[in-house]
Amino acid sequence: MSIELQLLMWSLVVYGLYLGAQSLIYRWRYGIEFAATARDTLPKPEGELLGRAERALKNFNETWLCFVILALVAHLADHGDGVVFWGAIVYLVARVAYLPLYLFGTFMIRSLVWNVATIGIAMMFFGILF
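Counted the way the working numbering counts, the sequence shown spans residues 1467 to 1596.
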């Protein structure tokens, strides 16, 4: 398996962190019984922590698709490009760091870490392009 595909698989672990945080906080807030229903009438996110977890998951989903596409294109186009590799590492590490920063409402540093993740995506893009 290429390094790009391995990093793509590790991105699933990062996705699991985001989804797991949101899911656990949701169940903690509303209970397992409510989570097991069809949830036809959804309550508004109650509390700051659940709202942050849901926004963090939404934010991750907005950038993850770019990562997935770039990792697949890198795998198909050119195995082992260093810029793509380090861009993927930067993205994944920054996204792992981003989740607790968002959950704890850390001012400014969270936004800086988001920018670092975006730089990782840009590195992957330019590593493939050039």
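All C-beta atoms in this analysis are idealised placements derived from N, C-alpha and C, irrespective of residue type, glycine included.
Here the structure is a predicted model, which means the values were calculated and not measured.
Residue state for His1545 is assigned as coil, using DSSP reduced to three classes. By the criterion of a C-beta distance shorter than 8 Å, Trp1580 is surrounded in its chain by Asn1525, Ala1560, Tyr1564, once the five residues flanking it on both sides are discounted. Bounds of the alpha helix (DSSP H) holding Gly1482 are 1469 to 1496.
When the beta-carbon positions are compared, Met1590 and Ala1543 stay at least 9 Å from each other. Under the DSSP assignment, Ala1583 falls in the alpha helix (DSSP H) whose first and last residues are 1575 to 1595. Taking a cut-off of 8 Å for Cβ pairs, the region 1514 to 1522 and the region 1480 to 1499 touch, as three or more such pairs fall below it. Looking from the CA of Leu1516, the closest CA among Ala1501, Asn1527, Trp1494 belongs to Trp1494.
Cys1532 sits close to Ile1587, with the two beta carbons spaced by under 9 Å. The beta carbon of Ala1501 sits closer than 7 Å to those of Tyr1492, Arg1493, all from its chain and outside the five residues before and after it, given in chain order.
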